[in-house]
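Enquirer:
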Amino acid sequence: MNSIALDITCLTPLPYHQQVVDYLKTSEPAVWSWASSLGVRQEHAQDVRAQLLRDTYRLSPETHPDAYQACETALRRLHIQAPATLYQAGDGTMNASLHYLAGEVHVVFYGPILERLDAQELLALLGHELAHYRLWSEHDGDYLTAERILNHSLADLHAPASLVQTARL
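So in the UniProt record's numbering, spot 131 of the sequence shown is number 131, and the numbers just go up one at a time.
1) I'd like to confirm the pairing. Which residues does DSSP put opposite His106 in its beta bridges?
2) Would a C-beta distance cut-off of 9 Å place Tyr133 and Tyr100 closer than the cut-off?
3) For Ser97, list the residues DSSP reports as bridge partners.
4) Can you tell which of Leu98, Val40, Leu53 and Glu129 has the C-alpha that lies nearest to the C-alpha of Arg148?
5) Helix, strand or coil: which one does DSSP assign to Thr73?
6) Count the CB pairs spanning the stretch 81-96 and the stretch 144-158 that are closer than 8 Å, and state whether there are at least three.
7) Between the Cα of Thr56 and the Cα atoms of Pro112, Val108 and Pro83, which residue gives the shortest distance?
8) Should the stretch 111-130 be regarded as contacting the stretch 149-168, the criterion being three or more beta carbon pairs within less than 8 Å?
9) Fully enclosed by the stretch 4-39, which alpha helix (DSSP H) runs are 4 residues long or longer?
10) I'd like to check one pair, Gln88 with Leu122: are the Cβ atoms closer than 9 Å?
11) Answer with buried or exposed for residue 192, where buried requires no fewer than 16 other C-beta atoms within 10 angstroms of its C-beta.
12) Ala167 and residue 170 - do their beta-carbons sit closer together than 9 Å?
13) Which residues does DSSP pair with Leu59 in a beta bridge?
14) Throw me the rounded Cβ distance for the Leu59 and His106 pair, which I believe falls under 8 Å.
15) Grab me the residues of Leu135's own chain with a C-beta within less than 7 Å of its C-beta, minus the 5 sequence neighbours each way, in chain order.
16) Are Leu117 and Ile8 closer than 9 Å when you measure CB to CB?
17) Whole angstroms is fine: what's the gap from Tyr68's alpha carbon to Ser137's?
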């Protein structure tokens with residue numbers, strides 16, 4: 001893979017996302033306080049670890065060197081200094097997701113995606129997932145808190161369509 005020097009200082013949250021965070025902080029201060037509390041963060045970490053153990057198997061650098069190399073390249077380019085662990089889930093759909101834990105990168109692959117993507121596509125996919133990590137790690141975790149609030153709100157069967165669309169973005 002070519003080594004490309006990127007200026008990542010331009011990676012900032014979109015104005016819409018900034019407005020969502022500002023709205024939640026000012027309009028729902030009690031909810032914001034709950035979602036950003038240490039207790040909720042600890043509960044989230046326990047849930048993530050349990051889900052990874054229950055639903056995935058860990059990929060090793062020895063058995064999946066290309067995936068780990070692409071991940072290391074993406075980490076370096078995005079200036080993320082955290083250990084990364086890659087997983088495979090049994091789901092047949094082709095996708096990937098980041099499971100956020102502070103100071104740790106956990107990426108789950110779904111379906112035969114590792115067999116189907118070439119090196120550049122895999123790097124792009126990991127770059128996308130790791131961009132979530134960057135966003136959620138910065139700005140005092142505000143964007144992770146906003147996502148947590150929106151996702152919890154979606155559990156309400158009567159959640160308005162506007163909330164569903166906001167969470168999707």
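Here a beta-carbon is modelled for each residue, glycine too, at the ideal position from N, C-alpha and C. For clarity, every value in this text was computed on a predicted model and none was experimentally measured.
Expert: Here's the rundown:
1) Your numbering for residue 106 matches position 106 in the sequence shown. According to DSSP, His106 bridges with Thr85.
2) To locate residue 133, count along the sequence shown from 1; it is residue 133. To locate residue 100, count along the sequence shown from 1; it is residue 100. Closer than 9 Å, so yes.
3) Taking the first residue of the sequence shown as position 1, residue 97 is located at position 97. Answer is Val108, bridged to Ser97.
4) Numbered from its first residue, the sequence shown carries residue 148 at position 148. Ranked by Cα distance from Arg148, the options Leu98, Val40, Leu53 and Glu129 are led by Val40.
5) Reading the sequence shown from its first residue, position 73 is the one you call residue 73. DSSP places Thr73 in helix when its eight states are reduced to three.
6) Result no; under three Cβ-Cβ pairs closer than 8 Å.
7) Here the question's residue 56 lines up with position 56 in the sequence shown. For Thr56, the nearest C-alpha among the options comes from Val108.
8) Segment contact: the stretch 111-130 against the stretch 149-168, fewer than three CB-CB distances shorter than 8 Å; contact not assigned.
9) 15-27 and 29-35
10) Here residue 122 corresponds to residue number 122 of the sequence shown, with the count starting at 1. Here residue 88 corresponds to residue number 88 of the sequence shown, with the count starting at 1. The criterion of a C-beta distance shorter than 9 Å is not satisfied by Leu122 and Gln88.
11) Any answer about residue 192 is impossible in this case: the structure gives the chain only from 1 up to 169.
12) Outside the displayed range of the chain (1 to 169) lies residue 170, so it cannot be described from this structure.
13) Counting from 1 along the sequence shown, the entry for residue 59 is found at position 59. Residue pairing from DSSP places Leu59 in a beta bridge opposite Leu86.
14) As a position in the sequence shown, residue 59 is number 59, starting the count at 1. As a position in the sequence shown, residue 106 is number 106, starting the count at 1. Incorrect: roughly 11 Å between the Cβ atoms, too far for contact.
15) The residue given as residue 135 occupies position 135 in the sequence shown. Pro13 and Tyr143.
16) Residue 117 sits at position 117 when you count from the first residue of the sequence shown. Residue 8 sits at position 8 when you count from the first residue of the sequence shown. Contact flag unset, no.
17) One-based indexing of the sequence shown puts residue 68 at position 68. One-based indexing of the sequence shown puts residue 137 at position 137. Their Cα atoms are separated by approximately 21 Å.
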